[in-house]
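What follows is a set of notes on a single structure, which appears directly below.
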Amino acid sequence: MEAKTKDLWVFIETNEDGSAKNVGLELLTPGRMMADKQGGKLVAVIIGSGVDPAVGAANSHGADQLLVVDSAEYASYTTDAYTSALCALVEKYGPTTILIGATNNGRDLGPRVSCRLKTGLTADCTALDIDEESGNVAWTRPAFGGNLMATILCPDHRPQMGTVRPGVFKKGNIAPGKAEIIKECIHVDAKDIRTQVLEIIRDMDSEKVDLEGAEIIVSGGRGVGGPEGFETHIKPLAAALGATVGASRAAVDSGWIAHSHQVGQTGKTVAPKVYIACGISGAIQHLAGMSGSDCIVAINKDPDAPIFDVADYGVVGNLFEVLPVLTEEIKKSRA
Amino acid sequence: MNILVCVKQVPDTTEIKINPETNTLIRDGVPSIVNPFDGYALEAAARIKDADPDTKIVVVSMGPEQAKSALKECLAIAADKAYLVTDRAFGGSDTLATSYILCNAVKKLEELEGPFDAIFCGKQAIDGDTAQVGPEMAEHMGLPQVTYGLEAVVDGGILKVTKEMEDGKSVIGVKMPCVVTFTKPAWDPRYPTIKRKMAANRAEIPNITAAELTTIDLAQAGLKGSPTKVKKTFVPQKKTGGVKIQEETNEDSAKKLFATLSAASII
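Below, the structure is given as structure tokens:
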């Protein structure tokens, strides 16, 4: 389809309490830069039920316009209802670009919408810009488990679409909202929603591991040696720092710690302020999940471990001797 | 139950190295494997067959002739029939074009194998990592989808899929026919038996080419049917100038690390 405007849309995914997920607000930051370069408005699109908190948050994070679909049938995410609503909005308003957070739901919704609109979608982007030559969005993403980066264009189809990895961009400062708020009523028949949530099993608080939202992560790998190593060395350091415990696939596959702690290609993708990798060699699949961290600290006895290639600070040494001293020093400084 | 499992042959990305002079991937000598997530999809189908031995499992792959070794592995593990969708006209397809070709291939396979109750895919391939082909196939075919599946059981006419969420799990009931994409469950997929391996080696795997896909519009396939174009590829920059700490003793190293991180206001 043809774009009717030069507007850039950011899909703001909501939680069940109607608040905005962080990634949507994060995307308003590059969205602003791109919308300005494209010469259009920055539009936040919010679909859900009881979404006033998300509307307020998007407004105070710099959107020029808000498109809001607020109705009971969107209370929990379903592929069918959300795809219908987003496609109906696109057909009415004709944006030139759509950004969607690469969460589980975002990666469920994105390809469904792009396929219905017969346009291109670039997955799990980690950098965004406008290609100077053509004016198209330049979508940059990792492939081959992070071994290679590719920059993708969608030259002849609109809207150009991409999902963007959470934690890559930072939320902007809050300012008083000035957005024009447009409410749209889009009804989806119950019979057209072909999936039904039968049961939700939330992780118990004791198991809840918020790696994506963590400011500091202390991760352990094969070098930790066993489940007791996590108890005696990794968890005490994490506790001293108020950090979340992460793990490499090797540690998870060995049964030393639950999968919910896993960082990497088959686990979580994280971007904390500080990532402390202990006894992790740094397989490319692990690096793919944490190389976006602001500061990486590595402790490993092998001086040639690839983790040192991405580390800002690396200690070559035995973690069983380094970590207790480091933990003590931190405790002393905070006492 | 009649289940189609879509698989891709991929390079083992754990084995890929970068040529430091040309900054390109060295693929020579890198083993080709069945995409691990597709292996989980096959295992999910095999578990349905464990419960209902009348279930038929058909596997399909799109790719060059050598992808038949991946299909043979699937036959050895659990599949009953295998097909390869292959044609030069399909080369260079992005996810929209790939899913369009596969959707047409499914129509052809349904003429041969009967209608499918469910189409299972891995959530993503480990080379492209897009996670888009499954949902796009579902959209092309007008079927409902569930993504991030861990396991699936048949209950009446409904498939109950346990789905991974960011903060737990959910059970989704979905009407069949449907598309489900699978991620890593808590268990390991089964291994092939010697007997099945020998039978798989002898199995005939028919090719399906563009000429046999009577419903396809080739303008929507291959490079020219792909809305996305690769502008450039590059090797991610390695960090340089990282601080290495290795003092006489580990205790001294730890103290220096703490002092360095504190001085830089990192902790």
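So the protein sequences, as listed, match chains X and C.
Quick note on the numbering used here: the first sequence kicks off at 1 and runs consecutively.
Quick note on the numbering used here: the second sequence kicks off at 336 and runs consecutively.
The beta-carbon is built from N, C-alpha and C at its ideal position, and this holds for glycine as well.
Among the options, nearest to residue i - alpha-carbon criterion
i          : options                                           : result
Ala-251(X) : Ala-243(X), Ala-238(X), Lys-21(X) and Gly-229(X)  : Gly-229(X)
Lys-498(C) : Val-113(X), Val-197(X) and Glu-26(X)              : Val-197(X)
Val-449(C) : Val-441(C), Cys-456(C) and Phe-593(C)             : Contrary to the premise, residue 449(C) reads as Gly rather than Val in this sequence. Cα-wise, what sits closest to Gly-449(C) is Val-441(C).
Gly-213(X) : Cys-456(C), Glu-501(C) and Lys-579(C)             : Glu-501(C)
Ala-288(X) : Ile-307(X), Lys-332(X) and Lys-118(X)             : Ile-307(X)
Ala-63(X)  : Glu-16(X), Lys-171(X) and Ala-298(X)              : Lys-171(X)
Glu-199(X) : Val-509(C), Leu-419(C), Lys-384(C) and Glu-350(C) : Val-509(C)
Ser-19(X)  : Gly-255(X), Asn-59(X), Asp-7(X) and Lys-41(X)     : Asn-59(X)
Ile-276(X) : Ile-284(X), Ile-216(X) and Lys-268(X)             : Ile-216(X)
Pro-53(X)  : Asn-173(X), Glu-13(X) and Pro-272(X)              : Glu-13(X)
Val-340(C) : Arg-362(C), Ser-367(C), Val-506(C) and Ala-380(C) : Ala-380(C)
Val-297(X) : Gln-285(X), Ile-284(X) and Leu-326(X)             : Leu-326(X)
Gly-282(X) : Phe-11(X), Arg-222(X), Thr-79(X) and Thr-195(X)   : Arg-222(X)
Thr-349(C) : Asn-300(X), Ser-134(X) and Gly-146(X)             : Gly-146(X)
Gly-398(C) : Val-345(C), Ala-594(C) and Pro-520(C)             : Val-345(C)
Contacts that residue i makes with chain C (C-beta to C-beta distance below 7 Å)
i          : result
His-157(X) : Pro-562
Phe-144(X) : Thr-348, Ile-351, Leu-360 and Asp-462
Val-197(X) : Ser-505 and Ile-507
Thr-97(X)  : Within chain C, no residue comes near Thr-97(X); the closest Cβ sits about 13 Å away, beyond 7 Å.
Gly-317(X) : Gln-581, Asn-585 and Ser-588
Thr-266(X) : Lys-519
Contact list for residue i against chain X, beta-carbon separation under 7 Å
i          : result
Met-607(C) : A question about residue 607(C) goes unanswered here, because the residues of chain C that appear run from 336 up to 602.
Phe-569(C) : Met-149
Gln-467(C) : Pro-111, Leu-121 and Ala-123
For residue i, three-class secondary structure by DSSP
i          : result
Lys-273(X) : coil
Thr-83(X)  : helix
Tyr-418(C) : strand
Glu-16(X)  : coil
Ile-601(C) : coil
Pro-142(X) : strand
Val-55(X)  : helix
Pro-324(X) : helix
Cys-295(X) : strand
Val-570(C) : coil
Gln-467(C) : coil
Pro-346(C) : strand
Val-188(X) : coil
Glu-23(X)  : The residue you asked about is not Glu; residue 23(X) is Val in the sequence shown. Helix.
Under 9 Å from the C-beta of residue i: neighbouring residues of chain C
i          : result
Tyr-313(X) : Gly-577, Val-578, Lys-579, Ile-580, Leu-592, Thr-595, Leu-596, Ala-599 and Ile-601
Val-23(X)  : Per Cβ cutoff of 9 Å: no residues; Val-23(X) is ~11 Å from chain C at best.
Thr-79(X)  : Pro-470, Ala-473, Pro-479, Gln-480, Val-481 and Thr-482
Thr-232(X) : Chain C residues near Thr-232(X): none, gap ~15 Å exceeds 9 Å.
Glu-329(X) : Ala-589, Lys-590, Leu-592, Phe-593, Ala-594 and Ser-597
Phe-308(X) : Gly-577 and Lys-579
Lys-208(X) : Asp-502 and Gly-503
Buried or exposed by the 16-neighbour rule on C-beta atoms within 10 Å, applied to residue i
i          : result
Gly-226(X) : exposed
His-187(X) : exposed
Thr-107(X) : Going by the sequence as given, residue 107(X) is Arg instead of Thr. With 16 or more other Cβ atoms within 10 Å, it is buried.
Glu-356(C) : exposed
Glu-408(C) : buried
Met-472(C) : buried
Ser-333(X) : exposed
Arg-112(X) : buried
Contacts of residue i in chain X (Cβ-Cβ under 9 Å)
i          : result
Val-565(C) : Ala-150, Thr-151, Ile-152 and Leu-153
Ser-434(C) : Pro-111 and Cys-115
Contacts of residue i in chain C (Cβ-Cβ under 8 Å)
i          : result
Arg-194(X) : Pro-479, Val-509, Lys-510 and Cys-513
Cys-278(X) : The premise fails here: Cys-278(X) is roughly 12 Å from chain C at the closest Cβ pair, so nothing lies under 8 Å.
Within chain X, partners of residue i - CB distance below 8 Å
i          : result
Leu-558(C) : Residues of chain X passing the Cβ test: none, with the nearest at roughly 13 Å.
heavy atom of the ligand SAH below 7 Å from residue i C-beta
i          : result
Asp-124(X) : In the structure on display, the ligand SAH does not appear, and there are no ligands present to speak of.
Does the contact criterion of 3 or more C-beta pairs under 8 Å hold for the segment 129–140 of chain X versus the segment 84–91 of chain X? no
Would you call the segment 220–239 of chain X and the segment 533–551 of chain C in contact, with 3 or more CB pairs under 8 Å? no
Hey, is the segment 23–34 of chain X in contact with the segment 96–103 of chain X, meaning 3+ C-beta pairs nearer than 8 Å? yes
Under 8 Å: do the segment 484–498 of chain C and the segment 140–157 of chain X share three or more Cβ pairs, one atom per stretch? no
Give a yes or no on contact between the segment 454–464 of chain C and the segment 586–593 of chain C, applying the rule of three or more CB pairs nearer than 8 Å. no
Whether or not the segment 172–187 of chain X and the segment 149–162 of chain X are in contact is what I'm after, with contact meaning three or more pairs of Cβ atoms, one per stretch, closer than 8 Å; do they touch? no
Would the segment 301–317 of chain X and the segment 278–293 of chain X be scored as touching if the rule is three or more Cβ pairs under 8 Å? These segments touch.
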